[in-house]
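So the mapping is simple: the working numbering equals the position in the sequence shown, first residue as 1, plus 26.
C-beta: ideal position from N, C-alpha, C; glycine also.
What you are looking at is a predicted structure, and each value in this text was computed from that prediction instead of being measured.
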Amino acid sequence: FNELVAKAQHDQQRYQSSLPVFKEAEEKINRIGKKLLRHLSLTYLDNSIAETRKEMHDSWTTVRLNQSIRKLMKQANDLAIHVTTESNNIRRLAQHIYDLFRTQHGFDISAPPELNMTSFLEKMQSLEQITHDFCADPINVLTEKRFLIRRFFLSLGAEAQGAFQNAHDDSERWINNVIVTLKIQIETHKEALDQRIKGLMDAKSSSEALNKQIAQVNDEYKHIASQCKLLDDALLQLMKAILQSSKIKQQKLEKETQLKALNFEGLSIS
């Protein structure tokens with residue numbers, strides 16, 4: 027039991043020594059994650075849209091609209107590259123922690139998945155295509171209705187907001203899952219270690235109590251054996267005394283018989 031308890035306590039100490047490494051990585055991941063999510067926030071997009079509207083000013087034409095959406099698309103591409111880079115940094119940190127707990131503590135945990143920005147880019151590309159089709163439509167080119175173009179631009183902004191919001195939510199879930207996946211196993215592992223040590227300590231306590239009872243029984247057995255020996259010795263002495271007494275009585279009886287026989291013979295002669 028002592029060896030088993032010592033090993034369990036060693037495993038617990040090794041686990042405890044790994045927790046600060048996890049905490050440090052978790053803090054770094056949260057910092058990078060917040061920075062990543064800020065770039066996907068609606069505030070960031072709204073600022074870009076406001077800047078684009080300012081640049082267009084009163085020139086609400088299909089040409090300027092096409093230029094503006096291309097600029098917004100370039101920003102989205104650059105943003106996706108930046109977000110992917112930041113997510114890879116998070117993934118490398120998570121992979122390091124995953125490897126630590128897999129090799130040191132036997133965790134069954136696979137590599138964290140990559141953050142997929144494909145859906146975001148496809149949505150933004152579809153908006154670019156819609157804009158291209160709108161601007162290439164001869165009717166819109168000929169009429170150049172600024173209010174129609176302005177309304178179209180605002181609808182594009184709303185669609186882009188939806189794309190950014192979805193990308194933000196997907197990224198936030200991804201970041202949380204990277205941490206939560208490991209956190210769940212860490213908590214489960216801690217409970218298993220605590221339960222293991224408790225079970226061993228309970229078993230050790232029961233074993234010690236059993237050994238104590240066995241020792242008490244042995245002491246009682248020795249005491250009873252000692253008393254039995256005394257009784258056996260006393261009984262042996264008693265038996266010897268009885269035999270000796272019986273022997274003496276027998277000898278005395280034989281002498282009395284002999285005397286009676288002699289007396290009887292004397293009487294017969296006279």
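Burial check for residue 274: the Cβ neighbour count within 10 Å stays below 16, so the residue is exposed. Closest option to residue 54, judged by alpha-carbon separation, among 135, 205, 251: 205. Nearest Cα to residue 186 within the set 51, 71, 39: 71.
Excluding its 5 nearest sequence neighbours in each direction, residue 190 has C-beta neighbours in its own chain below 7 Å: 66, 68, 71, listed in chain order.
At the C-beta level, residue 99 and residue 150 come within 8 Å of one another.
Spanning the alpha carbons of residue 120 and residue 138 requires a straight line of approximately 7 Å. Residue 109 counts as buried, since at least 16 other C-beta atoms from the protein chains shown sit within 10 angstroms of its C-beta. Taken atom to atom, the span from the alpha-carbon of residue 278 to that of residue 257 is near 31 Å. Considering only 197, 228, 202, the residue with the shortest C-alpha distance to residue 63 is 197. Annotated as distal: residue 184 and residue 146, with beta-carbon spacing of 8 Å or more. Secondary structure remark: continuous alpha helix (DSSP H) runs of at least 4 residues inside the segment 138-208, in chain order: 144-162, 164-169. Judged by their CB atoms, residue 61 and residue 112 are nearer to each other than the 8 Å cut-off.
Distances from the alpha-carbon of residue 52 to those of 123, 94, 77 put 123 closest.
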